[in-house]
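Everything on this sheet refers to the single structure shown next.
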Amino acid sequence: MTGKEIKEMQKKYVLQSWSKQGALNPIPVERAEGIYYYDFDGNRYTDMASQLVNLNLGYGNEDIALAIKEQVDKYCYIGPSIASEPRAKLAKMIIDLLPESFGKVFFTNAGADANENAIKIARMFTGRKKVFSRYRSYHGSSFGAGNLTGEPRRYPLEPGIPGFVKFFDPYIYREPIEFESEEAATGYYLAKLREQIIYEGPDNVAAIVMETITGSNGVIIPPKGYLPGVRKICDEFGIVMICDEVMAGWCRTGKMFAFENFDVVPDIVTFAKGVTCGYVQLGGVAISKEIAAYFDDHVLSCGLTYSGHPLACAAGVACVNYYTKAGIPEHVVEVGAVLAEQLDSFKESHPCVGDVRHIGLFSCVELVKDKKTKEPLVSYGRDPEGIMGKVIGLLKERKFMTYSHENMVFICPPLIITEEQLKEELMKLDEVLSIVDETF
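Encoded structure:
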């Protein structure tokens, strides 16, 4: 098929997520390697968002591809109740990477059902029903994960499931209170969270679910002491602490898991995306030894036909091995420092840049109309003139491929990006920000 034929067939028969279908114009991709993909006319596009912040090791990783091929020759599928080498090996690898308190893994198909099963496990373990999650969050679009989600993508699911309670995360840049320090902000937000738990009835709360670092709602990095403070509240009231590492995990921040940056150990960790880098879809729920022991004598009422799919787990074993073999965490720290320096300079030099937030190769640029008032370039959930679409379009013209959410542009390239490649792409971003300065 030609590129044009592929594009037209997709437009005619495929429903594309989060989009008005009539205006779609998908790029037909012929091939991809490293951090680049190519259309049928030979144009090269730089993937500065790792697709959906999942293609951590880029395109064409031979280790992962070979592992999938070798597993295909053995068997492609075997049910969850039958012992499978890649399933067993990957589960052990993941537990070995986590703190000593962790015991077992339940495998899922992706991040949404990882979060769904995590809250089921927490409810079964505690015997409680209520689950806390944050407004500025995205945990998936299925019914349970969508009720965990706090941002507007939950609206089609409403009225939602009883027992899902929202609270505000520490978004200091947008907070009208002027805190004297990060620690002061932490104290304020923790006090409000604890008060809300008391009003909801601590004995009713099964879990607090948080993206360790808020992802597509702004790469919001928790202030000093915040996550340990949430841990203390959970311990006080017997609440299960769940960290959603679907986007922030697997070396994205320079650590294997993002919570390692914050001196905290959760009870449950959910993951997906970077565990296979999208080569085959896979997610999972890692649980503490204490929770795992509970299910030695109680039925684990969770089940998926494709739990621990052998092809996915084979890809996962190769992928997780590659992170260590190739020194990806160290590389992310090194190149992430270059990204941080450049983004910080953009904040100083561009009137349209209100804030930048970054950790490792996980970052975003928040665009404003006025630095002093912090008025966003587009209002929350409202962009009738399509301004952010135009900004992303300007980047696309320069083959810098990423996405936006609200008034933010995300820079989350594959973790294999070199310093030279990064600087080349950031020059394009710098150019587009100058246009935004003058135009919007």
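UniProt numbering puts the sequence shown at residues 1 to 440. Backbone N, C-alpha and C define an ideal beta-carbon position, used for all residues, glycine too. Predicted model, so just to flag it, every value in this text is computed and none were measured.
Inside the segment 92-133, DSSP marks whole beta strand (DSSP E) runs of 3 or more residues at positions 102-108, from first to last along the chain. The distance from the Cβ of E116 to that of S137 is about 15 Å, inconsistent with a contact at the 8 Å cut-off. Straight-line measurement puts the Cα of P156 at about 31 Å from the Cα of Y226. Non-local beta-carbon contacts of K347 in its own chain, meaning distances under 6 Å to residues more than five positions away in sequence, involve V353 and V356 in chain order. Counting only runs of at least 4 residues, the segment 31-90 fully encloses the following alpha helix (DSSP H) elements, listed from N- to C-terminal order: 50-53 and 62-74. Taken through DSSP and simplified to helix, strand or coil, T212 comes out as coil. By the criterion of at least three beta-carbon pairs nearer than 8 Å, the segment 272-284 is not in contact with the segment 77-85.
Judged by beta-carbon spacing, M408 lies beyond the 9 Å limit of V246, meaning their Cβ atoms are not closer than that value.
Burial check for S288: the Cβ neighbour count within 10 Å reaches 16 or more, so the residue is buried. Per the C-alpha coordinates, the member of E30, I268 and K255 positioned closest to I359 is K255.
Rounded to the nearest angstrom, the Cβ distance from E290 to D244 is 20 Å, too far for a contact under 8 Å. Cα atoms of C313 and R87: separation of roughly 5 Å, rounded to the nearest angstrom. Residue state for V165 is assigned as strand, using DSSP reduced to three classes. Under DSSP, G283 shares a beta bridge with T108.
For E30, same chain residues with a beta-carbon under 8 Å away, outside a window of 5 residues either side, are G3, Y38, D39 and F40 in chain order. Under the 10 Å beta carbon count, Y59 is surrounded by 16 or more other beta carbons and is classified as buried.
Taking C-beta atoms as the reference points, L339 and L367 fail to come closer than 9 Å.
Nearest neighbour of I213 by Cα position, chosen from D437, K104, K224 and K11, turns out to be K224. A distance below 7 Å between beta-carbons, with the five flanking residues on each side excluded, links F125 to the following residues of its chain, in chain order: V240, I291 and Y294. Exposure of R44 is indicated by the presence of fewer than 16 other C-beta atoms within 10 angstroms of its C-beta.
By the C-beta density criterion, M401 is buried, having at least 16 other C-beta atoms within 10 angstroms. DSSP places F143 in the uninterrupted alpha helix (DSSP H) bounded by F143 to L148. I95 and E385 have their C-alpha atoms spaced approximately 48 Å apart. In this structure, the straight-line span from the alpha carbon of P99 to that of L433 is close to 42 Å. Within a 10 Å sphere around the beta-carbon of W18 sit fewer than 16 other beta-carbons, which makes this residue exposed. In chain order, V338 and Q342 place their CB closer than 8 Å to the CB of K423, counting only its own chain and leaving out the 5 sequence neighbours on each side.
DSSP, read as helix, strand or coil, puts C234 in helix.
By DSSP's assignment, F271 forms a beta bridge with G284. If you look at E419, you'll find it in the alpha helix (DSSP H) that goes E419 to T439.
By the Cβ-count criterion, P413 is buried, with 16 or more other Cβ atoms from all chains shown falling within 10 Å of its own Cβ. Contact between T276 and A315 holds, since their C-beta atoms are separated by about 4 Å, short of 8 Å. With a threshold of 16 other beta carbon atoms within 10 Å, E420 falls short and is exposed.
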